[in-house]
Each structure stands twice: as structure tokens, then as C-alpha cells.
Amino acid sequence: MATIEHYMEQLNASQKEAVLENERPLLVLAGAGSGKTRVITTKIAYAIEALKVRPWEILAVTFTNRAANEMRERVPNMVDPEAANDIQIRTFHSFGAWLLRRYGASINLSNSFTIYDDSDSLSLLASCLPNFKRSELNPIAKAISLAKDMDLTPDSDNLGQIRRDYNFPDHFRRYQERLRQVGNVDFADLIVRSIELLEKDSHVLNQLHNRFKMILVDEYQDSNISQFKLLSKLVGPNTFICVVGDDDQSIYRFRGAEVENILSFPEVFPNTRIVKLERNYRSTANILALASHVISHNRGRHPKTLWTEREGGEKSKLIYVDEAKSEAEWVAQELKKSGDYSSSAVLYRTNAQSSLFETVFTQKGIPYKIVGALRFFDREEVKDALALLFLLLNKRDEVNFNRMVNKPPRGIGATSQAKIVEYAQQNNLDFIEALNQTPLTGRAAQGAKEFYTLFKEAEELIEGDNLHLLKFLLEGSNILNYYQEEDRRNHTDRLDNLTNLGNLLGDYPFGREGLILFLESLTLDRTMLGKRDPADEFG
Numbered sequence: 035m036a037t038i039e040h041y042m043e044q045l046n047a048s049q050k051e052a053v054l055e056n057e058r059p060l061l062v063l064a065g066a067g068s069g070k071t072r073v074i075t076t077k078i079a080y081a082i083e084a085l086k087v088r089p090w091e092i093l094a095v096t097f098t099n100r101a102a103n104e105m106r107e108r109v110p111n112m113v114d115p116e117a118a119n120d121i122q123i124r125t126f127h128s129f130g131a132w133l134l135r136r137y138g139a140s141i142n143l144s145n146s147f148t149i150y151d152d153s154d155s156l157s158l159l160a161s162c163l164p165n166f167k168r169s170e171l172n173p174i175a176k177a178i179s180l181a182k183d184m185d186l187t188p189d190s191d192n193l194g195q196i197r198r199d200y201n202f203p204d205h206f207r208r209y210q211e212r213l214r215q216v217g218n219v220d221f222a223d224l225i226v227r228s229i230e231l232l233e234k235d236s237h238v239l240n241q242l243h244n245r246f247k248m249i250l251v252d253e254y255q256d257s258n259i260s261q262f263k264l265l266s267k268l269v270g271p272n273t274f275i276c277v278v279g280d281d282d283q284s285i286y287r288f289r290g291a292e293v294e295n296i297l298s299f300p301e302v303f304p305n306t307r308i309v310k311l312e313r314n315y316r317s318t319a320n321i322l323a324l325a326s327h328v329i330s331h332n333r334g335r336h337p338k339t340l341w342t343e344r345e346g347g348e349k350s351k352l353i354y355v356d357e358a359k360s361e362a363e364w365v366a367q368e369l370k371k372s373g374d375y376s377s378s379a380v381l382y383r384t385n386a387q388s389s390l391f392e393t394v395f396t397q398k399g400i401p402y403k404i405v406g407a408l409r410f411f412d413r414e415e416v417k418d419a420l421a422l423l424f425l426l427l428n429k430r431d432e433v434n435f436n437r438m439v440n441k442p443p444r445g446i447g448a449t450s451q452a453k454i455v456e457y458a459q460q461n462n463l464d465f466i467e468a469l470n471q472t473p474l475t476g477r478a479a480q481g482a483k484e485f486y487t488l489f490k491e492a493e494e495l496i497e498g499d500n501l502h503l504l505k506f507l508l509e510g511s512n513i514l515n516y517y518q519e520e521d522r523r524n525h526t527d528r529l530d531n532l533t534n535l536g537n538l539l540g541d542y543p544f545g546r547e548g549l550i551l552f553l554e555s556l557t558l559d560r561t562m563l564g565k566r567d568p569a570d571e572f573g
């Protein structure tokens, strides 16, 4: 393994300056293609090798899974791989999940909580507002998520800036109360409930202050108000804080990202040192000149002068066309000229624009792949299988209970289903126990008994082979036969998808903890499946 001196020699002067500053709060303004990931990973290696910071005292947080994965891959090549396993390298949301799994009991949150995705959150909101159409619920759900990202609660005075609706605070409150009642969290809750935890439990806060001596944040320009608040609480009196970002690359304001987090960093953390990474290693001079000219008109930015040694380069073109179809045809024509399809990409602003490109490409015989089409984990059969696992871990999970209690049909219609949910809420029961106690008759009673028995028997298997557990649930719920028949009837491959899901689950350890790791990894980062994060060990 190369020495830290070797890695330091590969840095330019500004990059070295950023690595060597480890006393004052540090704001690294990293222009596009300026080697920011190299700076962060070298800084981690330098802290361990030269400053003798212990690996578990380092927390590195990113905004995207891609950046976190890149760091996880690079760091073990620069320090002892065993030491690298002890470093916390996570996205903001993954760190929130890590925190809540360990200390959530302080705020009455079980460590087996389910993390609801957008679809699950919408289903829960629908149960809170049964008279609303799905199209009416979508903007409410988005507003609730944005409010949480901005650290607003149902009682905040300025909720009107999120949604101008007199009833919105009540909708927000009902949703949040139901979410807590079922013992689960949505994505935004991973941050706001972590803040709640640190505000209510000073013992946990002090424990984290004593543990993390160095906190590094990548892609800081994309952090939102709640994430900044969480970060501020994690910084103790002896914590070194370094954030890396580029205000010129802030593109997530529609999700609540707050570029002011970068602009105001020196005010929040006095005596901040600012280091600018201005050398671009990625682009040619022509592209860089065009990008710099456009971004220079942005208001509220730290001025930077990006430069590169890659002179010249092909010039960019701006093409005007009269209509959308002409645009697609021009792109197809250019692709045909080059013939290099695998090295080409078409970016469009809205999904609705893709249909024209698809039509023209098909006509011209141009092969293409749509990135972001229906994902594996969004497929109905996969979500059904996962719902059974989520429900087994948290039997108060209303969304996944409602999804699976009568699928395939077992006589528990909408009326009986509502009766079970109401009985559970009135008697403070989980939904599986409510199946056993709710007075039902006929086919509904039989179906409830079968589903109850399935989960009671599955509970006995939860500390064993999770692949066997999944097969038991799929067979016992009759989901396996249900999709087998659908494959036969419609010539689909849904059973293959369930097999693939089982293969992915097989990469994780046996037992409840392995099952939680699996479900959490796919919820937080679907690209990480099969790449277990050693830092996720419980303890």
C-alpha cells in the first residue's frame, strides 16, 4: 500500500491546502471536475496516518449514494482495509437511519421501523384523508416532504410558503400522527427525527460529540435546512468540521436544498478558512469557458475562476428548431452520422419529452435504453414480497398490511379490512394481533385466521435463513401461486423477479439484523444491494 506522502504528492497546491487544514472550520469551494473526492479521501487517509485520528472517530457524509459509494471504494485503497470498515461513510439519510436504529428508543421509535418511500407515504396519507382523490393527495404529500426538509412542523407559522391551503396544517398533522402511530418513518423523517432525538437526549448528543472528532461533508451545496441543522448539532466543541461543495452546482432547490448553507457557513462557524479548488481536470478549455460565462450571471455565489491545461477542444453548438419533432430528428441524424451509440446520451428536461425521441429512434433503427424506466424494486411482485418482510418486522405497518392482507384475495374485503384497522387502533394492537381478535364472520374470518397464522409461524423463523423465510411467506400467502398463474396466462416473468429478489437477500447475514440491513440498504440506496456495508453492523 502506498504511503500518505505518495498520495499528497499527487495533489495540486490548493488540494494540499485543503488536506492540511485540520484546526479551523473549513469550507472547500470545489469547482466542477476539480478533484474534490480525491481531496476528501486523501484528507481521511491523512487524518488516520499522520494525525492519528482513529477511524471510528471520522464521519463522512454525502448527499448522493453515488458519492458515498465512490468514497467507500477509494478509502480502503489508501488506508488499512480493516480501518476503513470503521469509518462512517454515509449519505445524510443513511446516517439518520443508522442513528435512529441505535438510539430511536429515546423518542419511542423501535429499531425495526420501516422507511416509507414516496409510494408508501402517499398510501398512508390516503388512509388519513380517505375522501381525497389520488391526484389531490400528490401535491399534499410533496408539500409535507418539503416542509420537513425546511424544518417546519404542522404548528409552524410560515407553512403558507409551502402550500397556500387553510387545511394543510391539519393534513400535515394527521399524516405525521399516523406515521408515528404505525411506528415508521418517511425519508424526510430520517433527518427531522434525528434532530428530535439529539434535542431530547443530551446523553446521545454527548456520546456523538465524544465519538466524532472529524466530520466531512461532500456535495454540501445540495443540503437542505434540516440537514444543516442536524450537522450543526453533531459538531461538538472538539469536532473538526469540513464541508466541500460548489454553490454553482446547486440544482436541488426544488427539493428544499438551500445554497445559503454554503454562503452563510463562515458566519455559522466563526474563523472559517475558505479554500478554492479552481483547476478543472475534466473539461476542455472551450467547454469551461462557455460554462463559466453562463454561471457568472448567477446571483449569490462565491466567485471562482476555473481553469484547465486541456486547451481547445470541440466547440459546443446551439441548434434552433421550430418544433419538438424536428429536434428529435436532428438528434437522430447526428447519432447516425457518428454511429457511436454507446458513447452518446440524450438528456431531456421532462419525462414527457422522451416519447418523441423513442419514436424517431425506432424509425431510424437507433438502439436506445431509457434510464429511469420501471425499476426492479418498483415492480408489483417485488413490492409485494418486500411488503411481507416489512410487515413481519413491524406489525403496526399500516401501508404494507393494507397492501397484503387481501392479496391474493382471501375474503377480507374493504369493509372487513377497515374494521380490522379500526379495532387495532382502538385497542392499541398491532395489525396481525388484530386479525386474531377482530370479530369477523364467514370467509373474512377464515382469511384473517390464515394470515394471522402465517405471520405467527414466520416469527419463529426470523432468526434463521432469510431466504427460507421469504419462500415461506411467499408460499404461505399464496403470492407464489398467484404470480405463477399470471406468468402462465400472460407470458410474463414475475416469478423470475421474485427469484432474483431472493438471490439478493441471500447476500445478507441470517436473522433479524441481516433482514433489517437488507431492507434498509434497498430503501436508502438501491445500487448497494449485494454490497453489504460493514459499518452497518448493529451494536
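The sequence shown begins at 35 in this note's numbering and counts up by one. A virtual CB, placed ideally from N, CA and C, is assigned to each residue, including glycine. Keep in mind it's a predicted model, so treat the numbers as computed, not measured.
Nearest neighbour of Ser146, chosen from Ser511, Asn534, Ile496, Val277 [CA to CA]: The candidate whose alpha carbon is nearest that of Ser146 is Ile496.
If we call anything under 7 Å between Cβ atoms a contact, is Asn428 one with Thr148? Yes. Within cutoff.
Using beta-carbon positions only, say whether Gly270 and Gln255 come within less than 7 Å of one another. Not closer than 7 Å, so no.
State yes or no: is the C-beta of Met32 within less than 7 Å of the C-beta of Ile259? Examination of residue 32 is not possible in this model, given that the chain is present from 35 through 573 alone.
Can you look up Gly564 in the DSSP assignment and give me helix, strand or coil? Caution is warranted here: a pLDDT of 36 is assigned to Gly564, below 50, making its placement in the model unreliable, and no coordinate value can be reported.
Completely contained alpha helix (DSSP H) runs for the stretch 121-167, where each covers 4 or more residues: Listed in chain order, they are 126-137, 152-162.
Could you tell me which residues DSSP puts in a beta bridge with Glu310? According to the sequence as given, residue 310 is Lys; it is not Glu. When beta bridges are read from the DSSP output, Lys310 appears opposite Leu63.
State the Cα-Cα distance for the pair Ala448 and Arg437, rounded to the nearest angstrom. A direct Cα-to-Cα measurement between Ala448 and Arg437 gives close to 11 Å.
Where Ser555 and Tyr354 are concerned, what is the direct C-alpha to C-alpha distance, given to the nearest angstrom? The straight-line gap from Cα to Cα measures roughly 44 Å.
Simplified DSSP state of Leu186, which is helix, strand or coil: Annotated three-state conformation of Leu186 is coil, per DSSP.
Which residue marks the beginning of the alpha helix (DSSP H) containing Leu93, and which one marks its end? Premise fails: Leu93 lies in the beta strand (DSSP E), 92-96, not in any alpha helix (DSSP H).
Taking 7 Å as the cut-off, decide whether the C-beta atoms of Ile513 and Tyr486 are in contact. No.
Comparing C-alpha positions only, which one of Asn534, Arg136, Leu535, Tyr150 sits nearest to Leu242? With distances taken between Cα atoms, Leu242 lies closest to Arg136.
Where do the N-terminal and C-terminal ends of the beta strand (DSSP E) with Leu488 fall, by residue? From DSSP, Leu488 is part of no beta strand (DSSP E) but of the alpha helix (DSSP H) over 476-493.
Taking all protein chains shown into account, do 16 or more other C-beta atoms lie within 10 angstroms of the C-beta of Leu579, making it buried, or fewer, making it exposed? A query on residue 579 cannot be resolved here, the shown segment of the chain reaching from 35 to 573 and no further.
Taking DSSP's pairing of strands, which residues face Pro274 in a bridge? Here residue 274 is Phe; the residue named in the question, Pro, does not match the sequence. By DSSP's assignment, Phe274 forms a beta bridge with Met248.
Check whether the stretch 171-183 touches the stretch 193-205, counting contact only when three or more Cβ pairs, one atom from each stretch, lie closer than 8 Å. Segments in contact, yes.
CB contact flag (Gly481, Arg444, <7 Å): One thing to note: Gly481 has its Cβ within 7 Å of the Cβ of Arg444.
Determine the DSSP secondary structure at Asn462, reduced to helix, strand or coil. Coil, per DSSP.
Which residues bound the alpha helix (DSSP H) around Leu508? From DSSP, the alpha helix (DSSP H) with Leu508 extends over 500-510.
Could you give the first and the last residue of the continuous alpha helix (DSSP H) run that contains His40? Counting along the chain, His40 sits inside the alpha helix (DSSP H) bounded by residues 38-43.
Tell me the DSSP secondary structure of Asp530 in three-state form. In the three-state reduction of the DSSP assignment, Asp530 falls in the helix class.
Reduced DSSP category for Gly573 - H, G, I as helix; E, B as strand; rest coil: Per-residue confidence for Gly573 stands at a pLDDT of 32, beneath the threshold of 50, marking its modelled position as unreliable; no derived number is given.
When the Cα atoms are used, what is the spatial distance from Gln283 to Gln518? Computed Cα separation, rounded: 48 Å.
What residue range does the alpha helix (DSSP H) around Leu324 cover? Per DSSP, Leu324 belongs to the alpha helix (DSSP H) from 319-329.
8 Å CB neighbourhood of Glu378 in its chain, flanking five on each side removed: A quick correction: the sequence has Ser, not Glu, at residue 378. So the qualifying residues of the chain are Leu369, Ser372.
Applying the criterion that 16 or more other CB atoms from any shown protein chain within 10 Å of the CB defines a buried residue, is Pro203 buried or exposed? Buried, since its Cβ has 16 or more Cβ neighbours within 10 Å.
So, helix, strand or coil for Val216, using DSSP? The three-state secondary structure of Val216, taken from DSSP, is coil.
Taking all protein chains shown into account, decide if Lys349 is buried (16 or more other Cβ within 10 angstroms of its Cβ) or exposed. With fewer than 16 Cβ atoms within 10 Å of its Cβ, Lys349 is classed as exposed.
Can you tell me where the alpha helix (DSSP H) with Tyr542 in it begins and where it stops? Careful: Tyr542 lies outside any alpha helix (DSSP H) and carries neither H nor E.
Quick one: residues in its chain with C-beta nearer than 6 Å to the C-beta of Leu239, no 5 flanking neighbours on either side, listed in chain order? Correct list, in chain order: Leu232.
Kindly list the residues whose CB is nearer than 6 Å to the CB of Leu549, restricted to its own chain and excluding five residues on each side of it in sequence; keep chain order. By the criterion of a C-beta distance shorter than 6 Å, Leu549 is surrounded in its chain by Asn500, once the five residues flanking it on both sides are discounted.
Where does Asn192 fall in DSSP's three states? Coil, per DSSP.
What whole-angstrom Cβ distance do Ala81 and Val87 have, given they're in contact under 8 Å? The beta carbons of Ala81 and Val87 sit about 4 Å from each other, so the pair counts as a contact at 8 Å.
Unbroken alpha helix (DSSP H) run spanning Met438, endpoints: For Met438, the enclosing alpha helix (DSSP H) stretches over residues 432-438.
Distance check for Lys267 and Ile225, CA to CA, integer angstroms please. Near 12 Å, if we compare the C-alpha coordinates of Lys267 and Ile225.
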